[in-house]
Amino acid sequence: MLQCRFAVVAAALTAAVTVQADVSLNNMFGDHMVVQQGIATRVWGKADPGEPVTVSFAGQTKTTTALPDGTWQVLLDPVREYGGPHTLTVKGKNVVTFEDVLVGEVWICSGQSNMQWSVNQSNDPDIEKAAATFPGIRLLSVPQVGTQEPQWNFTGSWKVCTPETVGNFSAVGYYFGRQLHQTLGVPVGLINNAWGGSAAEAWVRRDKLAGHPTLRAIHDRWLAEEADLEKAEAEFEGKRAAWKVAAEQAKAAGKPEPGGKPDPKQNPDARMKGNARPGNIHSGVLTPSIGYGIKGAIWYQGESNAGRAYQYRELFPFMIQSWRDEWGLGDFPFFWVQLADYKAEKADPAESDWAELREAQTMTMNKLPNTGEAVIIDLGEGKDIHPMNKQDVAKRLARWALSETYAVPAIACRSPLYKGMERDGAKIMLSFDHVPAGPGWRPFDVAEPVGFTIAGAERKFVPAKARIRDDGRIEVWNDSVADPVAVRYAWADNPVCNMYATSGLPLTPFRTDEFPGVTAEAR
Numbered sequence: 002m003l004q005c006r007f008a009v010v011a012a013a014l015t016a017a018v019t020v021q022a023d024v025s026l027n028n029m030f031g032d033h034m035v036v037q038q039g040i041a042t043r044v045w046g047k048a049d050p051g052e053p054v055t056v057s058f059a060g061q062t063k064t065t066t067a068l069p070d071g072t073w074q075v076l077l078d079p080v081r082e083y084g085g086p087h088t089l090t091v092k093g094k095n096v097v098t099f100e101d102v103l104v105g106e107v108w109i110c111s112g113q114s115n116m117q118w119s120v121n122q123s124n125d126p127d128i129e130k131a132a133a134t135f136p137g138i139r140l141l142s143v144p145q146v147g148t149q150e151p152q153w154n155f156t157g158s159w160k161v162c163t164p165e166t167v168g169n170f171s172a173v174g175y176y177f178g179r180q181l182h183q184t185l186g187v188p189v190g191l192i193n194n195a196w197g198g199s200a201a202e203a204w205v206r207r208d209k210l211a212g213h214p215t216l217r218a219i220h221d222r223w224l225a226e227e228a229d230l231e232k233a234e235a236e237f238e239g240k241r242a243a244w245k246v247a248a249e250q251a252k253a254a255g256k257p258e259p260g261g262k263p264d265p266k267q268n269p270d271a272r273m274k275g276n277a278r279p280g281n282i283h284s285g286v287l288t289p290s291i292g293y294g295i296k297g298a299i300w301y302q303g304e305s306n307a308g309r310a311y312q313y314r315e316l317f318p319f320m321i322q323s324w325r326d327e328w329g330l331g332d333f334p335f336f337w338v339q340l341a342d343y344k345a346e347k348a349d350p351a352e353s354d355w356a357e358l359r360e361a362q363t364m365t366m367n368k369l370p371n372t373g374e375a376v377i378i379d380l381g382e383g384k385d386i387h388p389m390n391k392q393d394v395a396k397r398l399a400r401w402a403l404s405e406t407y408a409v410p411a412i413a414c415r416s417p418l419y420k421g422m423e424r425d426g427a428k429i430m431l432s433f434d435h436v437p438a439g440p441g442w443r444p445f446d447v448a449e450p451v452g453f454t455i456a457g458a459e460r461k462f463v464p465a466k467a468r469i470r471d472d473g474r475i476e477v478w479n480d481s482v483a484d485p486v487a488v489r490y491a492w493a494d495n496p497v498c499n500m501y502a503t504s505g506l507p508l509t510p511f512r513t514d515e516f517p518g519v520t521a522e523a524r
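Plus 1 on top of the position in the sequence shown (first one is 1) and you've got this note's numbering.
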């Protein structure tokens with residue numbers, strides 16, 4: 002009997018050792034994955050300390066030894082030829098094999114809800130899904146995990162793009178990748194890690210934010226909230242308990258449910274695990290993928306930071322540079338979507354935090370190389386923060402990648418951009434970059450430019466008239482403003498504006514002034 006027990010225990014110990022010894026990989030690696038063409042590919046995982054690990058792929062073999070903490074990595078030589086399928090084999094004390102691996106172009110698709118918004122939620126999902134048989138496009142979604150502890154792995158796997166798999170994937174991401182795939186004729190891998198409602202500071206390492214001279218204010222604000230967590234939780238639970246009692250009493254009396262029900266999203270503990278706390282998304286969502294071979298990133302976010310637009314002038318480029326530093330791939334392409342038009346249209350000029358956020362996004366192009374902005378001031382919906390036309394949004398992002406990253410000729414990507422102004426009596430003459438030669442401009446719907454306002458020294462903006470000159474400049478005036486000093490265009494939450502270049506791209510919203518905005522002091 003004793004011998005039998007010993008045998009059982011020995012078998013159990015052997016099984017435990019076997020499980021521990023299995024070489025494993027991060028879930029960025031799997032069947033149907035796409036390896037970025039033309040760069041050294043980092044492959045990483047875990048094994049027993051000191052365990053030899055061999056990785057074979059596309060005719061090459063690399064070996065390494067697991068470190069004392071059990072982690073290992075190898076760098077595969079760049080593969081120059083697109084296509085496949087290939088097999089990726091990893092050998093330790095066991096063998097892991099991944100099949101149907103392609104070599105192509107890999108893009109990260111990040112941001113908040115407008116990037117997360119799925120094909121099912123965009124325009125024409127029925128016909129889009131019916132046509133989505135693209136074996137050369139591969140999709141990977143990273144789940145939403147908010148934590149301060151850096152995660153090594155995540156739950157998820159690569160999927161071949163089919164009518165059955167594409168519906169829940171990022172619409173902007175898919176339409177962007179589809180355009181690249183159809184234009185370039187190469188495999189495309191898309192990694193969707195967007196999180197609706199997320200703040201940009203959640204996508205940055207907490208320690209980096211804490212070390213920044215001005216952005217540290219975000220970190221410090223959260224330190225105060227974290228210090229009061231226990232008290233805040235008690236207050237929240239008290240409110241929830243009181244509401245339950247009131248609801249039960251109302252039900253017993255045949256009365257409607259009382260208002261003021263505590264929102265679970267405001268639970269202090271939920272906020273600690275949510276998408277606004279600095280570093281949460283970086284640790285829980287981004288960290289497991291950092292180091293995977295990519296070509297670049299597309300980004301659609303800003304709504305949650307609009308109330309701190311001036312701060313975004315620093316925060317957004319800081320985030321981009323942080324990603325580039327951590328990935329170690331140099332200044333990889335980073336293209337984003339400017340905020341769309343949203344909320345009620347207003348007849349009279351007014352200040353706007355959304356306009357200031359758009360301005361902060363545009364400024365980033367001057368601060369960092371290899372960046373670009375897709376202007377969509379014409380594609381939003383006043384009634385819905387999530388416009389359904391994701392196809393045109395993705396095309397404008399794809400224009401940047403095709404023109405700037407892949408050097409496809411004759412593809413316009415840059416929206417006209419304000420360059421400078423000159424006073425001419427009671428008029429202001431505006432000049433622009435990225436306006437095509439020839440006619441240059443194509444106002445939409447009516448012949449006259451719409452969307453300009455003008456102000457004198459008193460800084461009171463009024464609607465302005467505008468005319469396109471033969472030299473491509475635009476003159477702006479209002480007969481009631483004798484000495485104008487500043488002009489604005491599309492400067493509103495939801496502006497009425499109509500200026501396009503003949504390339505079909507809309508004029509970037511702008512202002513010529515530097516008057517302090519409504520978010521100038523927000524931190």
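Ideal Cβ positions, reconstructed from N, Cα and C, are used throughout, including at glycine.
Beta carbon of residue i nearer than 8 Å to that of residue j
i      : j      : result
Asp354 : Gly308 : yes
Val146 : Phe155 : yes
Leu340 : Ser416 : no
Pro1   : Val104 : What is shown of the chain runs 2 to 524, which leaves residue 1 out entirely.
Ser305 : Ser199 : yes
Met29  : Pro289 : yes
Gly452 : Met389 : no
Ile192 : Val161 : no
Ser284 : Gln113 : no
Gly190 : Arg139 : yes
Leu26  : Gly46  : yes
Tyr311 : Glu357 : yes
Arg474 : Ser504 : no
Rounded Cβ spacing between residue i and residue j (contact assumed at less than 8 Å)
i      : j      : result
Gln117 : Gly197 : 5 Å
Trp244 : Gly255 : Rounded, the Cβ-Cβ distance is 18 Å, inconsistent with contact.
Leu403 : Val409 : 4 Å
Pro279 : Ile377 : Contact doesn't hold; Cβ gap of about 28 Å is too wide.
Tyr419 : Phe511 : 4 Å
Reduced DSSP secondary structure (H/G/I, E/B, other) of residue i
i      : result
Thr166 : coil
Trp442 : strand
Thr134 : coil
Asn367 : helix
Thr503 : coil
Met320 : helix
Ser111 : strand
Gly239 : helix
Asp78  : coil
Arg43  : strand
Leu287 : helix
Gly174 : helix
Cα-Cα separation, residue i to residue j
i      : j      : result
Met364 : Thr509 : 11 Å
Asp229 : Asp270 : 11 Å
Pro350 : Pro485 : 16 Å
Asp208 : Phe317 : 16 Å
Thr520 : Val75  : 47 Å
Ala195 : Trp108 : 13 Å
Asn95  : Asp23  : 6 Å
Lys252 : Glu258 : 7 Å
Gln48  : Gln180 : Sequence check: residue 48 is Ala here, not Gln. Ala48 and Gln180: Cα-Cα distance of roughly 40 Å.
Gly174 : Gly239 : 43 Å
Ala172 : Arg489 : 32 Å
Pro437 : Arg424 : 24 Å
Arg331 : Lys296 : First, the amino acid is wrong: residue 331 is Gly here, not Arg. Their backbone Cα atoms lie some 11 Å apart in a straight line.
Val36  : Tyr176 : 20 Å
Val167 : Glu405 : 27 Å
Assigned exposure category for residue i - 16 Cβ within 10 Å defines buried
i      : result
Arg128 : As written in the sequence, residue 128 is Ile, which differs from the Arg given in the question. Classification of Ile128: exposed, given that the 10 Å Cβ count is below 16.
Gly294 : buried
Ala201 : buried
Glu374 : buried
Trp153 : exposed
Asn367 : exposed
Thr215 : exposed
Asp480 : exposed
Gly137 : buried
Val56  : buried
Ala106 : The sequence shown places Glu at residue 106, not Ala. Label assigned to Glu106: buried.
Gln267 : exposed
Gln183 : exposed
Asn115 : buried
Leu224 : exposed
Glu476 : buried
Heavy atom of the ligand SAH within 7 Å of residue i beta-carbon
i     : result
Lys94 : What this structure holds is no ligand at all, so the ligand SAH is not there to describe.
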